[in-house]
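J.: The following block contains the structure, expressed as structure tokens.
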Amino acid sequence: MRPTPSINDFTEREDLLGFFGPDSVTWRVHSDPAFSVGGIRALLLQALHPVAMGGVHQFSTAFATDPWARLTRTAEYVATLSFGTRRDALRQVRRVRGLHRGKSGVEETTGRHFNVDDADLLLWVHNCEVESLLSTARRAGVPLTDADADRYVEEQVVAAVLVGCEEADVPRTVAELDAYFDRIRAQLAVTPAARTASRFVLVPPMPGWVQVLTPARPAWSTLASLGAATLPGWARRLYGLPGFGLTDAAATAGLRAFRQTALAVPARVRESPIVRAARERVAAVEPLSA
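Position 253 (the sequence shown) corresponds to 336 in our numbering; numbering is contiguous.
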């Protein structure tokens, strides 16, 4: 498995700009309101790989006992990798790779012995994230050309390699990403672990006071419903999700309406602190020399 880069492998300016930078498609996709829906969609899609989900079920007790904490850590990881300095991103990468290291087990439904950091499992998680975030952004109305979409997939190879994927296996275009899912679909299934995970994602447990005194429940329900409704048709059929039989046109319309509503909120309120900090940080960096 490829080692993570050293903090001495880049200049101070490169560190401040991060692994992607303000001119990247990654910044455009990951700072858009549609990102939250894409993230939920990715979790539901990831759960359909029996072995990858088996690893989560066996080794991530937080998913069952405190799903909010796990979701928060996942979001923090993606945000730091996308918008943080390279040093901050590498700290997150090393933390995640450390959590994966040395964990192995046997997935009950397939009988496969696996290591949590097996390259094919890491690749599955990566590809689900990239495909979900990109397809959701495009359906939501984020202005992305076909060339932009290919560029996004190419940019995300960095994220895949950092977490431990084999670079030669990582898709670099939308066509390669689509081909990957065509190949792997026969291996996917809704295992008991996937069913449990999907329930946590769609209807996560919340303290009573949160449900009564905050808008968390209806807000999450909107995001989760859109995430499920925008899954590929074959994935929705595997889950047999009741209430999500919307046509693709209706799901897209709902997603676009959500995005437009969110965009009406001022950026200083809508955007996360790490995104705002990234914009301020790079604004202070002198333009790179030609």
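The beta carbon of each residue, even a glycine, is placed where N, CA and C say it ideally should be.
Quick caveat, the model's predicted, so the values are computed rather than measured.
Going straight from the alpha carbon of Arg170 to that of Leu164, what length do you get?
T.: Each residue's Cα considered, the two are about 10 Å apart.
J.: Check the DSSP bridge columns for Val189 and list the partner residues they point to.
T.: Beta-bridge pairing links Val189 to His196.
J.: How would you write the range of the alpha helix (DSSP H) that Thr109 sits in, first residue to last?
T.: 108-113 is the span of the alpha helix (DSSP H), which, as asked, contains Thr109.
J.: For Leu204, which residues from the same chain have a beta carbon less than 7 Å from its beta carbon, with the 5 sequence-adjacent residues on both sides left out?
T.: Val134, Ala135, Gly138, Phe197, listed in sequence order.
J.: Classify Arg96 as helix, strand or coil using the three-state DSSP reduction.
T.: Arg96: helix per DSSP, three-state reduction.
J.: How big is the Cα-Cα spacing for Thr157 and Arg319?
T.: Distance between the alpha carbons of Thr157 and Arg319 is about 23 Å.
J.: Would DSSP call Gly101 helix, strand or coil?
T.: Coil.
J.: Do you know how far the Cα of Val240 is from the Cα of Ala172?
T.: The alpha-carbon atoms of Ala172 and Val240 are separated by roughly 15 Å.
J.: The alpha helix (DSSP H) spanning Ser355 covers which residue range?
T.: First-last for Ser355: undefined, no H or E at that position.
J.: At which residues does the alpha helix (DSSP H) containing Val246 begin and terminate?
T.: 240-246 is the extent of the alpha helix (DSSP H) around Val246.
J.: Alpha carbons only, please: which of Ser308, Arg177, Leu338 is nearest the one belonging to Leu324?
T.: Taking only the C-alpha atoms, the option nearest Leu324 is Ser308.
J.: What does a CB cutoff of less than 7 Å around Leu271 pick up in its chain, not counting 5 residues either side in sequence?
T.: So the list reads Leu131, His132, Leu321, once near-sequence residues are dropped.
J.: Terminal residues of the continuous alpha helix (DSSP H) containing Glu212?
T.: Start and end: 202-223.
J.: Leu338 to Phe142, Cα distance in whole Å?
T.: Roughly 33 Å separates the two Cα atoms.
J.: Helix, strand or coil for Gly323, going by three-state DSSP, please let me know.
T.: It is coil, neither helix nor strand.
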